[in-house]
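Each residue of the sequence shown is one higher than the last, beginning at 41 in the working numbering. What follows is one structure encoded as structure tokens, with my remarks underneath.
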Amino acid sequence: MESGKLKVLLSKEEIREKISYLAELVSRDYQGRVPLLVCVLKGAVVFLSDLIRNLKIPVEVDFMAVSSYGSSTVTSGVVRILKDLETSIENKDILIVEDIIDSGLTLSYLRENLLSRNPRSLKIITLLDKPERRVADIEPDYCGFCIPDEFVVGYGLDFNEKYRNLPDICILLEFQR
Ligand code: IMP
Ligand code: MG
41 MESGKLKVLL
51 SKEEIREKIS
61 YLAELVSRDY
71 QGRVPLLVCV
81 LKGAVVFLSD
91 LIRNLKIPVE
101 VDFMAVSSYG
111 SSTVTSGVVR
121 ILKDLETSIE
131 NKDILIVEDI
141 IDSGLTLSYL
151 RENLLSRNPR
161 SLKIITLLDK
171 PERRVADIEP
181 DYCGFCIPDE
191 FVVGYGLDFN
201 EKYRNLPDIC
211 ILLEFQR
């Protein structure tokens, strides 16, 4: 499946509008505070970069990289931290920035891990959510789009590291898990 067919699910205009809306909510909710946005590499970097440019409050940014054991398209729930945060998050307001929540297993692990470091608060923002596939008990505080159970690429999301550069979010047709 190196050259699968693509069908646009969310256009770059729809994404831009939604991010501006999400940024309004975040700016309002965090008024007077300086949240630390924890971006989960690599898929969420495009979302993060558009989100922070729409925020009307000061923020800090840090990155984490995690990998789940198992194949690239099925999450096992066993997570390994490949890159950790640079600083302590004690007493900070943490906003985890994700590209997509699928089974929720990765994020569930990440949330518990970060909560054990005693932040003042912890919330989750995701651009995409596939609620049908949820296994773990986790819901985002802010969500851009709920999407059907399809494998999507583009706008940071990849299939075997391909397609991250597409400006739209596309369904990878003929995809098999
Ligand atoms: P979860 O632990 O099953 O929620 O896995 C979430 C991670 O799997 C996301 O952060 C993505 O990296 C990846 N993922 C899940 N669904 C898709 C998809 O449709 N396209 C691309 N990556 C996906
Ligand atoms: Mg991800």
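All C-beta atoms, glycine included, are put in the ideal place defined by N, C-alpha and C.
Can you give the Cα-Cα distance for P207 and E138, rounded to whole angstroms? So the alpha carbons of these two residues sit roughly 17 Å apart.
Assumed close pair I209, V192 - CB separation to whole angstroms, cut-off 8 Å: With 8 Å as the limit, I209 and V192 qualify as a contact, their Cβ atoms being about 5 Å apart.
What three-state label does DSSP hand A63 in the structure shown? helix
Let me check one thing: in DSSP terms, what residues is D102 bridge-paired to? Note: D102 sits in a beta bridge opposite V78.
What's the call for S60, buried or exposed, on a 16-neighbour Cβ count within 10 Å? Answer is exposed; the Cβ neighbour count stays below 16.
I need the boundaries of the beta strand (DSSP E) containing I164, first residue and last residue. 161-169
Confirm, please, whether the CB-CB distance from G196 to F103 is below 7 Å. no
If we call anything under 7 Å between Cβ atoms a contact, is K132 one with P159? yes
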